[in-house]
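Numbering (numbering that gives the first Met the number 0), first residue to last: 0 to 472.
Cβ coordinates follow ideal geometry from the N, Cα and C atoms, glycine included.
Read through the structure below, which is laid out as structure tokens, and then see the notes.
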Amino acid sequence: MVTPRKSPTATAHIVRQASAPSSHPLWRDGIDSLSLPALTSDLDCDVAIIGGGFSGLWSAFHLLHFDSSLSIVVFESEEIGFGASGRNGGWVSADYPVDLATLARRYPTKDTQGFAELLAKGVDEIGEIAREIAPRARFRKSGSLSFATHERQLQRLRDSVDQRHQLLTYEETQSKVAIPSAIGGLFTENCATVNPRGLLLDLAGYLQSRGVLIFERSFATHYDDGPPSNDGGLWVNDFRVSAHWKILATEAFTPKSREQIPLYSLMIATRPLSAKEQAALQWTPGLAIAEATNNVNYAQFSADFRIALGGRGARYPFAGHLDRALESDTRTHRNLSEMIHKWFPQLGGSDQHSSIDVTHHWGGPIAIRRNWESRICVDHRKGLARLGGYVGDGLTMSFVAARAVAEEIVTGENPLAEMPISTDCSKAKKWPIEPFRYIGANALISSIARLDESEEAGRQSPTGRFLKRLIGR
0 MVTPRKSPTA TAHIVRQASA PSSHPLWRDG IDSLSLPALT SDLDCDVAII GGGFSGLWSA
60 FHLLHFDSSL SIVVFESEEI GFGASGRNGG WVSADYPVDL ATLARRYPTK DTQGFAELLA
120 KGVDEIGEIA REIAPRARFR KSGSLSFATH ERQLQRLRDS VDQRHQLLTY EETQSKVAIP
180 SAIGGLFTEN CATVNPRGLL LDLAGYLQSR GVLIFERSFA THYDDGPPSN DGGLWVNDFR
240 VSAHWKILAT EAFTPKSREQ IPLYSLMIAT RPLSAKEQAA LQWTPGLAIA EATNNVNYAQ
300 FSADFRIALG GRGARYPFAG HLDRALESDT RTHRNLSEMI HKWFPQLGGS DQHSSIDVTH
360 HWGGPIAIRR NWESRICVDH RKGLARLGGY VGDGLTMSFV AARAVAEEIV TGENPLAEMP
420 ISTDCSKAKK WPIEPFRYIG ANALISSIAR LDESEEAGRQ SPTGRFLKRL IGR
């Protein structure tokens, strides 16, 4: 292994908060809300979709592909792009929260490699759609790089090599992005970066042009679990909606259930970097990057030349109550700012007063099931479909899951039936009851952070494998 070059002398506080950083996602800049009407009367339709994020809109998109005659209505309780679909890191990735080896052990008779190929194909399909109907997505496919800054991280990357993930040398890693402390990396070409809000809102506009009705500020207060013969009742803004099929696509905003919990993922974005600063990074345009820590992090260099960086660390709220205060968790946002400093000390330059202002900080909840897998459920007796549980990897998985839901609704065939993913409506591994869930989840969050600190300090930690077993990955 080639010894990495020395990092330049770090400039104190090279990353700082702007005087009044915006608390809304970077992706909102220059992309106005759709300002669609709320439902104000009773309504009949073939398919009612609850949730105006990617799961809901991709479901409508694929339903039209399989049967363009369907009358489809989407109900969003806030505005299109309010949830994780408009706040995420913009990775259109073929990676899955559970590694393929673990999936193969869990589902020995299922087509694990076929599932990986389906996700990889999904990245390219989203790219084709973005080029046709979503110019504001700014789709750029340059792959993703997970880089190591010490030997323990590098060993994890070695263990992850497969036919789609290539181990890179120090020089190969540095040629993709100049991170002085990186000693190697793991690269896959099956990843792109986007402005997720641009993709979502352009997709919504396309669906409207195809006749899909989309209502904002339209809250579904009740749905009838009975069969379609009972009229498939749904109440939205206290108005009756009659639908043959209902699709629940609410992800972390699903009413409280032990089948999944909400965890918060937070992000920051810097001011646009100057040409000189961009040259110092040598960041391949469109490349998604992450450090191979145990705690999740992710970054892209946006089309307007900003570092957009996200990660986990905010506590789990008791009983899964969504808490807007956790979207602005000061400690997590500070840790993300320090991560930019750690990765890119060269941005300090020779000017001791040089700084990279953080102009945006935001966050939001993601849904995590007990086995860290997504779930797709289509109940023909009830005329009810559910999809979600993406653990933050939803840009591609929502596309694949929504297509499976749409195909089964229209044709009765589920293309994921032979894939390693849960399609059973009756079985779901549940999280513990409170307060054990609250205690355990937050202990896990703290333990993962301490594990990363121990590894970076070169200390042996016996908890790594135990933590991996505990979270079921």
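{"Check": "Where P134 falls, given that 16 or more other Cβ within 10 Å makes a residue buried", "Outcome": "exposed"}
{"Check": "Segment limits, alpha helix (DSSP H) that includes G204", "Outcome": "P195 to S208"}
{"Check": "R333, DSSP secondary structure in three states", "Outcome": "helix"}
{"Check": "Beta-carbon gap between S84 and P261 smaller than 8 Å", "Outcome": "no"}
{"Check": "Inter-residue Cα distance where the pair is N229 and W26", "Outcome": "Confidence in N229 is poor, its pLDDT being 48 and thus under 50, which makes the residue's placement unreliable; the coordinate value appears in the next sentence. N229 and W26: Cα-Cα distance of roughly 42 Å."}
{"Check": "Check whether I246 and I49 have beta carbons under 8 Å apart", "Outcome": "yes"}
{"Check": "Burial state of F435 (16 or more Cβ within 10 Å)", "Outcome": "exposed"}
{"Check": "Candidates L200, F146, G319 and R333: closest to Y437 by CA position", "Outcome": "G319"}
{"Check": "Member of D123, R155 and L156 whose CA lies at the smallest distance from the CA of S141", "Outcome": "D123"}
{"Check": "Cβ neighbours of E452 in the same chain (closer than 8 Å, five flanking residues each side left out)", "Outcome": "none"}
{"Check": "G88 vs A307 beta-carbon contact at 8 Å", "Outcome": "yes"}
{"Check": "Cβ separation of E337 and G362, assumed to be a contact under 8 Å, to the nearest whole Å", "Outcome": "Not quite, the Cβ-Cβ distance comes to about 17 Å (not below 8 Å), so this is no contact."}
{"Check": "Cα-Cα separation, S208 to V390", "Outcome": "31 Å"}
{"Check": "Three-state secondary structure assigned by DSSP to Q112", "Outcome": "helix"}
{"Check": "Close-in-space but distant-in-sequence residues of the same chain around R458 (CB under 6 Å, 5 per side omitted)", "Outcome": "none"}
{"Check": "Range of the contiguous beta strand (DSSP E) that encloses N294", "Outcome": "Taken as a continuous stretch (DSSP letters only), N294 belongs to no beta strand (DSSP E), as it is neither H nor E."}
{"Check": "Chain-order list of residues whose beta-carbon lies under 6 Å from that of K428 (same chain, five-residue window excluded)", "Outcome": "R369 and N370"}
{"Check": "Distance CB(G285)-CB(N296) smaller than 8 Å", "Outcome": "no"}
{"Check": "CB of I182 within 8 Å of CB of L153, strictly", "Outcome": "yes"}
{"Check": "Coarse secondary structure for G55, derived from DSSP in three states", "Outcome": "helix"}
{"Check": "Buried versus exposed call for I128 [16 or more other C-beta atoms within 10 Å across all chains shown]", "Outcome": "buried"}
{"Check": "Own chain, CB closer than 6 Å to T331, minus 5 neighbours either side, in chain order", "Outcome": "L265, G312 and A313"}
{"Check": "Sequence-distant residues of its chain with Cβ nearer than 6 Å to H61 (five each side left out)", "Outcome": "A401, R402 and A405"}
{"Check": "Inter-residue CB distance, E454 and H243 (contact presumed, cutoff 8 Å)", "Outcome": "Their Cβ separation, rounded to whole angstroms, is 53 Å, which puts E454 and H243 out of contact at 8 Å."}
{"Check": "Alpha carbon of N294 to alpha carbon of H64, nearest angstrom", "Outcome": "39 Å"}
{"Check": "Inter-residue Cα distance where the pair is S241 and S34", "Outcome": "24 Å"}
{"Check": "As assigned by DSSP and simplified to three states, the class of R449", "Outcome": "helix"}
{"Check": "C-alpha distance - K381 paired with I339, whole-angstrom precision", "Outcome": "49 Å"}
{"Check": "Candidates R130, E116, E250 and T168: closest to V473 by CA position", "Outcome": "No answer is possible for residue 473: the residues shown for the chain start at 0 and end at 472."}
{"Check": "Distance, A302 Cα to G121 Cα", "Outcome": "22 Å"}
{"Check": "Inter-residue spacing [alpha-carbon to alpha-carbon] between E412 and S21", "Outcome": "46 Å"}
{"Check": "Neighbour-count burial assignment, D350, 16 or more Cβ in a 10 Å radius", "Outcome": "Low local confidence applies: a pLDDT of 46 at D350 is under 50, so the model's placement there is unreliable, with the coordinate-based value given in what follows. The residue in question, D350, is exposed, as its Cβ has fewer than 16 Cβ neighbours within 10 Å."}
{"Check": "Distance CB(A291)-CB(S145) smaller than 8 Å", "Outcome": "yes"}
{"Check": "Own chain partners of L383 with C-beta closer than 6 Å, once the 5 adjacent residues on each side are dropped", "Outcome": "K245"}
{"Check": "Buried versus exposed, by CB contacts within 10 Å (16 or more), A442", "Outcome": "exposed"}
{"Check": "Minimum C-alpha distance to N236 - residue among A37, I79 and P24", "Outcome": "A37"}
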